[in-house]
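**Student:** Attaching a single structure in structure tokens format; questions to follow.
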Amino acid sequence: MASHTLVKKQGGTAHRAALCSCPRPTQACIRPWALLIERLGNFFDEERDPLMTQTEDRTSLSTEDTPLVPIEKVVALSKRRGFVYPNSEIYGGVSGIYDFGPLGVELRNNIRRYWWWSMVQLNDNVLGIEGNIITHPRVWEASGHVENFVDRLVDCKNCKRRWRVDHLPAENLEQNKCPFCGGELTEPRTFNLMMETYIGVVEGERMKTYLRGEACQNIYLDYDNVLKSSRIQIPFGICQIGKAFRNEVTPGNFLFRQREFEQWDLQFFVHPSEMQKWFDYWKEYRFEWYKGIINHTDRLRFRAHESNELAHYAKQAFDIEYRSILGWQEWEGIHWRQDWDLSRHSQYSGQDLSYTDPATKERYIPWIVETSGGVDRTFLFLLLDAYEEEPPSDKDKEGRTVLRLHPWFAPVKVAVLPLQKNKEELVTTAKGIHSRLKRLMVAQYDDVSNIGRRYRRQDEIGTPFCVTVDFQTLEDQTVTVRERDGMTQIRLAIDELPGYLVEKVMWS
Ligand code: GAP
């Protein structure tokens, strides 16, 4: 709690290895997952290449290359193009709660899939679970959230603005002065962030419980079941992606601080003597992970928590922070949870959650390394990192807005565009290509307005490739493939398209 490679491949033949030999048409038989798995062997190897995130071979962009993006631009794009909408907007909305539109849900799914793949699928000693949002209320007493999950707030007696004590600049705290108007601040008041709910229907018999304030608690609750049902041994980890709920007193900055949001957690269980080793390992692993998905790698850093900002369960903690227009802000927390969680749940439940080493017979409560990040913050930071407004150039006379998302994250992988919509043969051929491609990846067909506008519409949502069907297509069965970042174009046979694109839009 905060105080509270892609290496671009040059077309080629690699995709053919994944063609199957069934009698169905070739384009329907490419197995992207087979290809993916085949390639992933190298992904986290010692000598792996940097995970470049572009359709073109580019090196990491430095902050000087592009200015920090105002959050309003990303909010406006998100609403206009169907990434994110304010929740219950027709009723005036609810602060800190959002819905995800058609493109947003694709991006979210891609983000989740990538995390799961790189954390669970690639690590033999990590397993996944999906726990429920509602648990027994005692869980939250044991976890310390009922008692400790609080924010302290002060109000300005003059301008009535409300501040979180842990967000106040040190001098304002010392002088008890409002950072906005200099007015006197009230005494701090404490607010618990847990959202209450009730199980049962009969008044008097209903049991008060909570929507989970941190998703990871299910992992401790299921730890013993995972251990027994999978026969895995320490050291091992359990992963989960799931919703968490907090009555944040100062929600804001779009998706950054919400009241309902999604977390991803790894809880890694170790022998106490190996805690430092695994803490360092996962800290590094997660940092590299984030470096691999952004363009501006110089906007990433670690920040160690001061002892007065450590969460109640953490003995030490580092935040992986990203620098955007919001300043340096937490993206993920790496926490040294020690034996806090399993000891407390043993104590409160009466169940012994200690571990017996099968070789040495030593009995102990495992210590835990936690890496806990947010799907929503990843969504927001990816958009802020990828968004760029390009001035007019020789390649694009009008200038354009482009989302330089990695093709793997891009909500739409390819758009198929007939050069003209009033030429039946062009339209029929383009629709045919679209129906072949959509079996493999998210593909859009678009014939509205001139071709330049259509390219710009796709650039704005991060579509890495546009396939244009023109008059030459009707003669030689080739199409133009335009790539988003450099706006370069190549000519490709229609039959080569599926393999070419599958290779480009996958991690390799
Ligand atoms: N289990 C540890 C834990 O919950 P945390 O630092 O409070 O730690 C982990 O949360 C991650 O969850 C944060 O790094 C952030 O990415 C995300 N997160 C936390 N509060 C959030 C909020 N109100 N809105 C959006 N994301 C949030």
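Count along the sequence shown from 1, then add 1; that gives the number in this note's numbering.
Beta carbons: idealized from backbone N, C-alpha and C, even for Gly.
A quick note: this is a predicted structure, and the numbers were derived from the prediction, not measured.
Which one of Glu371, Leu404, Arg378 and Thr372 has the shortest CA to CA distance from alanine 387?
**Tutor:** The shortest C-alpha separation from alanine 387 is found at Leu404.
**Student:** Looking at the secondary structure, which residues open and close the alpha helix (DSSP H) in which arginine 287 lies?
**Tutor:** Run containing arginine 287: 276-294, per the alpha helix (DSSP H) assignment.
**Student:** Measuring alpha carbon to alpha carbon, tell me which residue in Gly83, Asp460 and Arg109 is nearest aspartate 377.
**Tutor:** Nearest option by C-alpha distance: Arg109.
**Student:** Which word fits histidine 313, buried or exposed, when buried means at least 16 other C-beta atoms lie within 10 angstroms of its C-beta?
**Tutor:** By the 10 Å Cβ count, histidine 313 comes out exposed.
**Student:** Using CA coordinates, which residue listed in Trp116, Val443, Gly145 and Trp117 is at the minimum distance from leucine 343?
**Tutor:** Closest option to leucine 343, Cα to Cα, is Gly145.
**Student:** Once the 5 residues before and after glutamate 197 are set aside, which same chain residues still bring their CB inside 7 Å of it?
**Tutor:** Excluding sequence neighbours, glutamate 197 sits near Lys209 and Tyr211.
**Student:** Taking the straight line between their C-alpha atoms, what separation do you get for valine 428 and aspartate 486?
**Tutor:** Cα-Cα distance, rounded: 26 Å.
**Student:** Compare the C-alpha of asparagine 124 against each of Ile239, Leu381 and Ile200 and name the closest.
**Tutor:** Looking at the Cα atoms, Ile239 is the closest of the given residues.
**Student:** Quick check: what's the CA-CA separation for arginine 113 versus isoleucine 369?
**Tutor:** Whole-angstrom Cα-Cα distance: 23 Å.
**Student:** Mind pulling the alpha helix (DSSP H) runs of 4 or more residues that sit fully within the stretch 418-485?
**Tutor:** Taking only runs of at least 4 residues, the alpha helix (DSSP H) segments lying wholly in the stretch 418-485 are 425-438, 452-462 and 472-477.
**Student:** Taking only three categories from DSSP, how would you classify phenylalanine 101?
**Tutor:** In this structure, phenylalanine 101 counts as strand in the three-state DSSP scheme.
**Student:** Based on DSSP bridge pairs, tell me the residues matched to lysine 244.
**Tutor:** Glu263.
**Student:** My output table needs one value for proline 392: the three-state DSSP class, helix, strand or coil.
**Tutor:** Looking at proline 392 - three-state DSSP - the assignment turns out to be coil, as it is neither helix nor strand.
**Student:** Going along the chain, which residues of its own chain have a beta-carbon closer than 8 Å to the beta-carbon of proline 393, five neighbours each way excluded?
**Tutor:** Within the same chain, proline 393 has close Cβ partners Glu399 and Gly400.
**Student:** Any heavy atom of the ligand GAP closer than 7 Å to the beta-carbon of serine 79?
**Tutor:** It does not: the Cβ of serine 79 is nowhere closer than 7 Å to a heavy atom of the ligand GAP.
**Student:** Considering only residues of the same chain and omitting the five flanking positions on each side of proline 71, which have a CB-CB separation below 8 Å?
**Tutor:** Excluding positions up to five away in sequence, the list reads Ile326.
**Student:** Going by C-alpha distance, which of Pro180, Arg232, Pro419 and Arg302 is nearest asparagine 451?
**Tutor:** Closest by alpha carbon: Pro419.
**Student:** Just to check my reading of the structure: valine 413 and valine 449 have Cβ atoms closer than 8 Å, yes? What is that Cβ distance to the nearest angstrom?
**Tutor:** Going by Cβ atoms, the distance from valine 413 to valine 449 rounds to 15 Å, so no, they are not a contact pair.
**Student:** With DSSP as the reference, label lysine 362 as helix, strand or coil.
**Tutor:** Three-state result, lysine 362: coil.
**Student:** Please give me, in chain order, every unbroken run of the beta strand (DSSP E) with length at least 3 that falls completely inside the stretch 103-168.
**Tutor:** Complete beta strand (DSSP E) runs here, min 3: 127-129, 151-156 and 163-165.
**Student:** Return yes when the C-beta of serine 144 is under 7 Å from any heavy atom of the ligand GAP, and no when it is not.
**Tutor:** No, the ligand GAP has no heavy atom inside 7 Å of this Cβ.
**Student:** Would you say the beta carbon of tryptophan 332 comes nearer than 7 Å to a heavy atom of the ligand GAP?
**Tutor:** Yes, since a heavy atom of the ligand GAP falls inside the 7 Å radius drawn around the Cβ of tryptophan 332.
**Student:** Near tryptophan 290, what residues of its chain come up, given a Cβ to Cβ distance below 7 Å and the 5 sequence neighbours on each side ignored?
**Tutor:** These residues qualify, in order along the chain: Ser119.
**Student:** Which of the three DSSP states is assigned to tryptophan 341 in this structure?
**Tutor:** Helix at tryptophan 341.
**Student:** So the beta strand (DSSP E) phenylalanine 410 belongs to, where does it begin and stop?
**Tutor:** No beta strand (DSSP E) contains phenylalanine 410, which DSSP labels as neither H nor E.
**Student:** Quick check on the DSSP output: what are the complete alpha helix (DSSP H) runs of length 4 or more inside the stretch 174-254, in order along the chain?
**Tutor:** For the stretch 174-254, whole alpha helix (DSSP H) runs of length 4 or above, ordered along the chain, are 218-231.
**Student:** Does at least one heavy atom of the ligand GAP sit under 7 Å from the Cβ of histidine 137?
**Tutor:** Not so, every heavy atom of the ligand GAP lies at least 7 Å from the Cβ.
**Student:** Would you mind sorting tryptophan 116 into buried or exposed? The rule is 16 or more other CB atoms within 10 Å of its CB.
**Tutor:** Label assigned to tryptophan 116: buried.
**Student:** Just to confirm, does glycine 102 get its C-beta within under 7 Å of one of the non-hydrogen atoms of the ligand GAP?
**Tutor:** Every heavy atom of the ligand GAP is 7 Å or more from the Cβ of glycine 102, so no.
**Student:** Anyone know if the C-beta pair for histidine 336 and alanine 318 falls short of 8 Å?
**Tutor:** It is a contact, given that the beta carbons lie within the stated cut-off.
**Student:** Is the separation between the beta-carbon of threonine 481 and that of isoleucine 495 shorter than 8 Å?
**Tutor:** Not a contact, by the Cβ cut-off of 8 Å.
**Student:** When you compare only the Cα positions, how much space is there between tryptophan 332 and valine 155?
**Tutor:** Roughly 26 Å separates the two Cα atoms.
**Student:** Which partner residues of phenylalanine 269 appear in the DSSP bridge assignment?
**Tutor:** Paired residues: Gly238 and Val370.
**Student:** Would DSSP call phenylalanine 380 helix, strand or coil?
**Tutor:** Three-state DSSP puts phenylalanine 380 in a helix.
**Student:** Would you be able to state if there are at least three C-beta pairs under 8 Å between the stretch 222-229 and the stretch 248-257?
**Tutor:** Touching, no, given that fewer than three Cβ pairs across the two stretches are closer than 8 Å.
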